[in-house]
Structures are given as structure tokens and as C-alpha cells.
């Protein structure tokens with residue numbers, strides 16, 4: 001064997017922490033870990049019982065087509081289901097404006113690399129979904145973030161910056177990434193006025209909006225605003241997914257946008273059609289599920305879990321933390337006093353059997369240390385209460401030890 | 001609605017013909033089309049009967065895990081199956097050196113973007129798989145090609161060019177893409193001597209080899225050389241797939257390489273774990289199939305179809321074409337006289353109900369016009385004979401009309 005010389009890998013890999021267990025505390029107590037970290041759906045809501053029947057139906061009706069490269073009729077049926085369901089959000093899309101992807105994560109990647117080159121600017125919310133941040137970094141784009149409030153993205157600040165950029169002859173963004181409903185992690189909804197204004201800005205300053213709408217169906221009171229897409233289909237690419245409403249293990253999401261963008265995304269989607277076998281089975285699953293009933297089951301399940309988490313936080317943390325009481329989605333976004341860094345007690349929490357995601361991961365820069373994201377969807381109410389109780393113990397131990405140390409110095 | 005300004009999309013999209021029906025003749029006679037174009041497995045070989053039972057078993061043993069983000073035990077079982085099966089090719093890989101991907105097409109994309117930046121050089125065989133060419137172009141790399149002969153890639157010419165590059169202080173390649181067994185489209189196998197020499201060159205000149213081994217199991221006489229990987233695991237990334245031996249609709253392939261490369265590919269694989277549901281079902285399918293028996297069934301099926309195609313070509317084309325009689329894989333690579341351009345009668349062939357892929361698509365530059373790729377796997381023997389008969393009619397009509405036109409001019 002000859003001498004191995006060092007090899008220089010692609011420079012595209014960002015210097016960020018790898019998403020995984022370290023993100024949510026160490027593995028110390030993995031078996032007994034209560035996961036409040038990642039956005040896992042309730043296990044009991046996954047359609048285990050229906051998969052075999054759906055597979056049997058897919059094999060009977062589509063047979064070998066379901067296992068070939070292009071699939072059978074079910075592939076079009078899934079597109080049609082997406083098209084019809086999207087009308088609820090006032091999205092009127094044609095079949096060739098819809099692309100089925102391997103989860104909406106793949107859709108974010110494809111639309112990013114379709115609309116930007118390395119060095120282009122993408123604007124994001126702060127805080128925002130860490131997976132999207134990673135995707136934008138891997139695409140070697142430049143990122144700028146804008147705060148959110150109770151009504152979502154501060155579109156006024158976006159407008160101000162756009163106008164400053166033009167005035168100073170500085171580059172404009174190619175893309176703005178927004179999670180309009182039950183924002184991840186903030187839990188807030190973008191107001192209708194802001195949706196309209198943001199779309200006007202996209203036309204005026206010629207950028208695209210990625211509207212990541214993974215959580216829209218999980219509105220506990222059943223209400224939601226029209227999609228941003230509905231105000232400007234020529235400058236919005238709309239993304240959603242089956243992960244939160246059927247099962248993440250299927251890895252099926254979708255993108256809706258201009259045909260020319262969808263066609264380019266299809267070229268870039270080098271893995272071919274998204275598992276046509278899964279699509280054929282999903283089509284039959286959709287035939288067997290009353291979706292409105294299923295959504296309302298999910299929402300009553302998740303509302304009850306959210307309420308349990310809210311009560312437990314109030315009981316065990318009192319007024320020491322604040323949060324927006326999200327009326328849907330998967331998450332509560334907890335704010336601690338300014339001097340707290342939630343990553344400093346994440347390992348202690350994991351040792352006590354509770355995982356969460358530290359706030360800093362949802363930001364571009366060194367900020368957000370005094371936040372944490374808690375997911376209320378995976379665990380039952382009594383487990384959630386136990387987890388919050390343990391988390392509070394760990395937190396107050398940390399605060400006390402920090403005060404002692406600071407007292408010594 | 002405001003005025004829509006033109007938007008400049010990413011410059012990464014290559015100016016190549018979109019892969020699709022136009023590639024293999026127009027849609028004029030789609031219903032009656034005999035497809036000799038794409039590499040479709042025999043429909044009767046797809047495990048339609050076993051899918052329902054495999055799903056039932058997956059749901060019973062892994063239940064909700066199979067539908068969650070990370071899957072259950074089956075995900076590791078699939079990795080272990082790959083690990084064990086790879087030993088047949090003298091590949092000794094650990095679990096963390098294996099990544100399951102959405103077909104090997106996704107693996108080509110991930111390894112390319114892990115090892116290269118735009119502007120880097122990738123060297124390829126001529127002819128080679130058009131999907132890989134598209135991937136390399138989308139990664140904005142520079143491509144150089146080297147001819148193949150009966151023993152595969154002309155490694156001597158690669159060596160000569162490497163040495164020229166060094167002498168003239170020109171850039172060296174980061175990657176060399178090779179299909180060593182039943183090359184697509186050439187049908188040839190890379191000799192053991194050339195495998196060894198190519199690996200030595202990879203160490204000496206510090207480039208990686210992508211070894212795309214989609215067809216290795218389909219060796220009609222059951223023999224195959226050790227993988228290139230076995231001669232230099234530190235400079236080879238090995239790729240293979242379930243598409244040709246179980247079913248392409250599952251979209252399951254894999255990559256084997258250094259842990260540090262696999263880890264980077266995992267970061268770049270933004271769609272997360274490849275459909276864990278499909279992996280759980282596939283694990284149960286693998287339990288139910290005697291793989292050696294299944295492979296030997298596939299090989300007897302495909303050998304008989306290849307023989308039918310070879311006979312028909314000899315009968316209908318006589319000595320007007322030449323080809324290497326591949327002893328495995330999916331394809332015959334047909335060479336016509338130099339002045340023939342097979343893309344000129346592809347639409348006429350489609351109208352007569354036969355599709356193929358024109359030779360030019362397998363090359364970087366303006367060359368290969370007098371070739372065509374025919375796939376012998378999808379159709380039964382009598383259909384293959386009929387297709388070759390029709391193709392010959394169309395070809396001789398084209399030749400005659402060309403002579404008449406050339407006579408007039």
C-alpha cells in the first residue's frame with residue numbers, strides 16, 4: 001500500500017455541530033430518555049394497522065408498476081391529493097406545479113440550489129428551523145436573519161433592510177425562508193397583513209419566498225390564514241409534508257411552485273422519482289383514512305399534551321420562564337432570563353433522562369442562548385409532567401451552582 | 001399584482017437535453033412502445049407477491065418504529081446485509097463505512113459534492129452512464145473522458161494523461177468515475193490488472209475512484225473480479241443498489257467508503273435517513289428471499305433475453321453492426337458504420353413502436369453518434385425479436401433515404 005496523502009474535501013461543509021444526539025444532550029441515559037427534543041409525532045398516531053392493507057391494495061391494483069422506476073397510477077393520485085388538499089389554503093396549483101420529494105427537507109435543498117448560487121443571500125427568521133440553516137450553509141449562501149414577534153416575522157424590518165440595501169447599492173436577497181404557521185421553534189403565526197406585505201416586497205425587490213408549511217394542519221382551533229403562496233404564486237415556493245400528519249418514516253413531502261422552477265428542481269433531484277413504492281402505498285393509505293377525522297384526532301391529542309406541558313411549566317418554573325402559548329404545531333419555545341445558557345445544563349438534563357434542543361441552534365450567530373425548544377407531541381401527559389419536573393430540578397441546581405461559582409469569583 | 005421581473009436562476013443547470021421520453025424517441029406510439037431504452041428490470045421478476053407479507057412482518061416486529069424518523073432494527077439489518085454481501089466482492093467494510101441512499105444515483109451525487117467543489121476535475125469513461133454525467137455537470141465540475149476497450153477503461157491512457165498533467169503543472173482530477181462490471185453502456189468488464197493499476201494511480205496522484213457497481217450480481221456465468229475497492233479502500237468509494245436485483249421502485253442503494261467520507265455524505269444527505277419504512281420492509285423481504293436462488297433466476301432470465309437479442313441482431317442487421325456480447329448486466333452497445341447518426345431515426349423507430357437510447361448521450365462531447373444502447377432485460381424473447389426486426393426496417397429505410405438525399409445533393 002502506498003503512502004496516503006491528505007485529500008482536500010469540498011469546502012462546502014459548514015463548521016457546525018452535527019445534528020444528532022449531542023444536540024439534545026449526551027447518550028448517558030438513552031434508554032430512559034424522555035425526548036422533548038426532536039419533532040417526533042405521537043407514536044400511537046402512526047398508521048401501523050393500516051400499512052399492510054394499504055400495501056396489499058397497492059400490489060393488487062398497481063402490481064409490478066408499484067415496484068418499477070416510474071410507479072403506477074398512485075403516483076398521480078398522490079399529486080392529485082396534494083392539489084385538492086392545497087385548495088384549503090387557497091392554493092390553486094396544477095399537477096405540473098407540484099413535485100413530491102423525500103420529506104420537505106429535500107424540497108428545501110432542491111429549491112435553494114435551484115434559485116441560488118454560492119455567495120447569494122438568503123434571509124431567514126430568527127429563530128428558525130436548524131435543518132434549513134444547515135441546508136443554506138451547505139449551499140454556501142450568505143445568511144441574514146430578522147426577528148419574529150407574536151405575529152411572526154418582522155416584515156417591517158425586512159422592508160427597511162431591503163430599502164437600505166438599494167440605497168447603498170448592496171446585494172438583495174435571492175430567497176426569504178419563512179415558516180408562517182406554528183413557526184419552528186417560535187410557535188407563532190404570520191399575520192395576514194404581513195403575508196401580503198412580504199409578497200409585495202418579493203415582487204418589488206425580485207426575491208423568492210420559501211414558505212415552509214409543515215405544521216398548518218395542526219391548528220388546534222382549526223383556523224389558519226391563506227398561504228403566502230396564494231398572494232403571489234409567481235414568487236413563492238410552497239412546501240409541506242406527510243411527516244407530521246401521517247408518518248415521517250415514509251419520507252414524503254412536496255413543493256408547489258412555477259412550472260419552470262419545479263422542472264429545474266426535478267433535474268436537480270438526481271435520486272429520481274421519490275420512492276414510487278411508498279407513493280403507491282400512501283395513495284391507498286389516503287383512501288383508507290378519513291383525513292379530516294384523522295387531523296381532528298391528532299389535534300385533540302396534541303392540544304391535551306400541550307396543555308399538560310403548559311401546566312407543568314407553570315407549576316415547576318413559575319414566573320422564571322416565559323413562552324408564547326402556541327395554538328398548534330409541535331413546539332413550545334421557552335425563554336429563560338438573559339444570563340442563562342440552556343446548553344450548559346443539557347448534559348445534566350440528559351443524565352436525568354430529559355432531552356431538549358438548546359436555543360442557540362436556531363440562530364445564525366452567537367445568540368439565543370437563553371432559549372430552549374420543547375416538543376410536546378411524542379410523550380403522554382404524565383410523562384411530560386415528569387420530564388418538566390426533572391428539567392426544573394436540573395435547571396435550579398444549575399442556577400444555584402452558577403450563583404455559588406459566581407459568588408466565589 | 002405587480003410587474004414580474006425576470007429572475008436569474010442558479011447557473012448550475014447544464015444545457016443538456018432533459019432525460020425522459022424525448023431521449024428515447026417521441027411519444028407517438030407510447031401504448032405499443034417496446035422499450036429497449038432504459039434499464040428496466042423484468043417486470044415478472046419484481047417481488048409483488050412478497051411485499052404484503054414483508055410489510056406485515058415489518059409492522060409486527062418493528063411496529064411504530066418503522067414509521068418514525070429513525071426506523072427500527074431493520075435499518076441496521078439492511079446495513080448488515082450489505083456488509084455481508086459485499087464480502088463476496090472482497091470488500092471488508094464496517095457498519096459506519098456504509099450509507100444507505102435513495103438509489104445509487106443519490107450516492108453518486110453525494111460523493112461528488114463531498115469530494116469536489118465547482119471547477120474541480122472529474123474523469124470518466126467514454127461512453128459512460130448519462131445520469132452520472134448529468135450529476136457531474138450539475139456539480140459544476142470539469143470533465144475529461146477516456147475510452148474503453150474489451151477490458152474496460154484504458155487505464156494506460158489515464159496514466160499517460162496524469163503524468164502529462166504533472167509535467168505541465170496542470171490540475172489533477174479529484175475523482176475518476178468507473179463502472180467496472182458490465183459497464184453501462186459498453187457491457188465490458190475492467191480487467192484485474194487494470195483495477196490494480198488504477199488504484200495505484202489513485203494513491204500516487206491522490207484522487208478518488210467512484211466504483212459504480214450496479215450490475216455485479218448480474219454475471220451470467222457467476223464470475224466477477226474483486227471490487228476495485230478491495231485494492232485500495234482509502235481511495236475508492238464503492239456504490240451499488242437494490243434496483244437491479246430486487247426492485248427500482250424501492251429506491252434503495254448504498255455507498256461504502258472511509259468513515260470521514262460517509263459522515264460528510266450523511267451531512268449532505270439533507271433528506272435524512274433513506275425511507276426507513278422501505279428499509280424495514282426490505283429487511284423482511286431479504287429474510288424471505290433466497291438471494292442466491294433469486295440471482296440465479298434473474299441471470300437465467302436475462303441470459304435468455306440477451307441471446308434472443310443477439311440472434312435477432314445477427315438475423316436482421318447481419319454484418320452491418322458490431323457489438324461486444326456482454327456476459328451480464330442489462331445492455332448491448334451497438335456500433336453502426338461511422339457516418340450513421342442513430343439520433344436521426346429515433347423518432348421513426350418510436351413511431352414504429354421501438355425505443356432505444358442514442359449513442360451521443362453517453363459521451364461528453366460531440367461523439368458517439370454511430371452507437372445505440374439496447375436494453376435486453378424488460379421484454380420477453382418474442383417481443384425482443386419483433387422489436388429488432390422493426391428497428392432494422394426503420395434503419396434500412398433511413399439508410400436508403402439518406403443515400404437518395406445524398407445522391408441528389
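Protein chains in written order, with UniProt numbering: chain A, 1 to 409; chain B, 1 to 409. Virtual Cβ for every residue (Gly too), placed ideally from N, Cα, C. Remember, it's a predicted structure, so these values are computed and weren't measured experimentally.
Mind checking whether residue 237/A and residue 198/A have CB atoms under 8 angstroms apart?
Contact: no.
Within the continuous beta strand (DSSP E) that includes residue 212/B, where are the two ends?
208-212
What residue ranges within the region 167-195 of chain B form continuous beta strand (DSSP E) runs of no fewer than 3 residues, ordered along the chain?
175-178
Report the CB separation of residue 312/A from residue 388/A in whole angstroms; it is logged as a contact under 8 angstroms.
4 angstroms
Could you work out which residues of chain A lie near residue 109/B, taking near to mean beta carbons separated by less than 8 angstroms?
270, 271
Quick check: the Cα distance between residue 403/A and residue 300/A, rounded to an integer number of angstroms?
Rounded to whole angstroms, residue 403/A and residue 300/A show a C-alpha spacing of 42 angstroms.
Any beta carbon from chain A within less than 8 angstroms of residue 283/B's own beta carbon?
no
Beta strand (DSSP E) segment containing residue 238/B, residue limits
236-241
Which value, in whole angstroms, describes the spacing of the CA atoms of residue 3/A and residue 88/B?
27 angstroms
Neighbour list for residue 317/A in chain B, Cβ cutoff strictly below 9 angstroms
Those do not exist, as residue 317/A stays about 29 angstroms from chain B at its closest Cβ, beyond 9 angstroms.
Where do the N-terminal and C-terminal ends of the alpha helix (DSSP H) with residue 74/B fall, by residue?
It spans 73-86 - the alpha helix (DSSP H) in which residue 74/B sits, taken as one unbroken run.
Residue nearest to residue 148/B in terms of C-alpha spacing, selected from 382/B, 172/B, 324/B, 12/B:
324/B
I want to see whether chain B comes within less than 8 angstroms of residue 244/A, judged by CB atoms only; does it?
In terms of beta-carbon proximity, residue 244/A stays away from the interface with chain B, with every pair separated by 8 angstroms or more.
Quick check on residue 141/B - is its C-beta less than 8 angstroms from some C-beta in chain A?
Chain A contact via Cβ: absent.
Own chain partners of residue 229/A with C-beta closer than 7 angstroms, once the 5 adjacent residues on each side are dropped:
91, 211, 236, 238, 256
Can you tell me whether residue 260/A is buried or exposed? The criterion is at least 16 other CB atoms within 10 Å of its CB, across all chains shown.
exposed
With a threshold of 7 angstroms (Cβ to nearest heavy atom), would residue 353/A be considered close to the ligand SAM?
Among the components of this structure there are no ligands whatsoever, and the ligand SAM is therefore not found.
To the nearest angstrom, how far is it from the Cα of residue 12/B to the Cα of residue 264/A?
10 angstroms
Check whether the region 351-358 of chain A touches the region 263-283 of chain A, taking contact to mean three or more Cβ pairs, one atom from each stretch, closer than 8 angstroms.
Contact fails: fewer than three Cβ-Cβ distances are below 8 angstroms.
At 7 angstroms on the CB atoms, spell out the chain B contacts of residue 40/A, in chain order.
Going along chain B in sequence order, the residues near residue 40/A (Cβ under 7 angstroms) are 68, 69.
Selection of the region 111-132 of chain A by Cβ proximity to chain B, strictly under 7 angstroms
113, 114, 115, 116, 117
Hey, does residue 195/A have any beta-carbon neighbour from chain B nearer than 8 angstroms?
no
Thinking C-beta only, is residue 245/A closer than 8 angstroms to residue 179/A?
no
Tell me, to the nearest whole angstrom, how far the beta carbon of residue 202/B is from that of residue 222/B; I am working on the premise that it is less than 8 angstroms.
Not a contact, Cβ separation roughly 29 angstroms.
Bridge-paired residues (DSSP) for residue 372/A
Its beta-bridge partners are 334/A, 358/A.
Chain-ordered chain A contacts of residue 403/B [CB-CB under 9 angstroms]
Correct list: empty, because the minimum Cβ distance to chain A is about 39 angstroms.
Kindly say whether residue 15/A, judged by its beta-carbon, lies nearer than 8 angstroms to any beta-carbon of chain B.
Look at residue 15/A: its C-beta is not under 8 angstroms from any C-beta on chain B.
Mapping the DSSP letters down to three states, classify residue 149/B as helix, strand or coil.
strand
Per-residue DSSP class, three states only, for residue 101/A:
strand
Does any residue of chain A have a CB that is nearer than 8 angstroms to the CB of residue 249/B?
yes
Any C-beta of chain B under 8 angstroms from that of residue 171/A
No, no contact with chain B.
Could you work out which residues of chain A lie near residue 63/B, taking near to mean beta carbons separated by less than 9 angstroms?
43, 46, 48, listed in chain order.
Is any beta-carbon of chain A found at less than 8 angstroms from that of residue 12/B?
Under the Cβ distance rule, residue 12/B counts among the residues neighbouring chain A, one pair being separated by less than 8 angstroms.
Which bits of chain A does residue 159/B rub up against, with CB to CB less than 9 angstroms?
Per Cβ cutoff of 9 angstroms: no residues; residue 159/B is ~15 angstroms from chain A at best.
Please return the same chain residues whose Cβ sits closer than 7 angstroms to the Cβ of residue 288/B, not counting the five positions on each side in sequence.
50, 53, 54
Can you give me the Cβ contacts of residue 134/A inside the same chain, cut-off strictly under 6 angstroms, excluding the 5 residues immediately before and after it?
Leaving aside the five residues that flank residue 134/A on each side, none in its chain has a CB nearer than 6 angstroms to its CB.
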